[in-house]
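Just so you know, we're using numbering that gives the first Met the number 0 here: the sequence shown kicks off at 0 and counts up by one. What follows is a short report on a single structure.
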Amino acid sequence: MATPHESAQSLMKLYDLRREDKMREARHWYIRSFNPASLDEVSSLMQTEESATYVRMVLSYWEMAASFVVHGAIDRAMFYDASGEMLAVFCKLEHMIDDLRESSGFRPRLTNVEAVAADWPGSKERMVAMREYLADMAQR
């Protein structure tokens with residue numbers, strides 16, 4: 000298990016990665032423009048190389064970060080306090096994650112994100128509210 004100091008250092012490194020210009024663009028696009036209601040919409044939204052790259056960047060970043068929590072490299076409570084964006088990312092796919100895994104043939108897809116979200120106090124309610132808020136924001 001990571002010490003508080005080690006967890007803080009790891010979270011700061013993850014934060015630095017999120018600040019990289021291309022990652023910022025990807026995160027902005029994902030939050031603002033990636034609002035699929037179905038698996039078909041996921042496929043449609045990923046038709047361009049840029050959007051597919053953005054989705055892969057954002058999802059792989061959060062899967063990596065969540066894996067650190069699952070394996071004890073980052074304290075869960077500290078991660079919850081500092082990484083609410085992960086729930087905003089996951090809430091867009093959570094309601095269709097099984098179908099996404101089935102269609103891609105890659106069963107482990109987002110398993111660490113799902114595990115961390117499942118243990119996160121109040122995450123289900125928070126993700127429902129986030130999904131509604133983000134869908135509304137996309138309409139503006």
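In this text, a Cβ means the ideal position worked out from N, Cα and C, and glycines have one as well. Being a predicted model, the structure only gives us computed values, none of them experimental.
- Per the coordinates, the alpha-carbon of residue 78 lies some 9 Å from the alpha-carbon of residue 64.
- Scanning the region 1 to 65 from its first residue to its last, the whole alpha helix (DSSP H) runs of 4-plus residues come out as 3 to 17, 20 to 32, 38 to 44.
- Boundaries cannot be given for residue 72, as no alpha helix (DSSP H) includes it and DSSP labels it neither H nor E.
- The closest CA to that of residue 36, considering only 119, 90, 111, 11, is found on 90.
- For residue 13, same chain residues with a beta-carbon under 6 Å away, outside a window of 5 residues either side, are 64 in chain order.
- If the five residues before and after residue 67 are omitted, its C-beta is found closer than 7 Å to the C-beta atoms of 9, 73, all from its own chain and listed in chain order.
- DSSP places residue 108 outside both helix and strand once states are collapsed to three, so it counts as coil.
- Here residue 132 is not near residue 88, since their CB atoms are 8 Å or more apart.
- For residue 123, the uninterrupted alpha helix (DSSP H) run begins and ends at 122 to 138, by DSSP.
- Under the DSSP assignment, residue 102 falls in the alpha helix (DSSP H) whose first and last residues are 96 to 103.
- Spanning the alpha carbons of residue 129 and residue 43 requires a straight line of approximately 22 Å.
- Distance between residue 54 and residue 15, taken at the CA atoms: about 19 Å.
- Nearest in C-alpha terms to residue 100, of all of 62, 108, 136, is 108.
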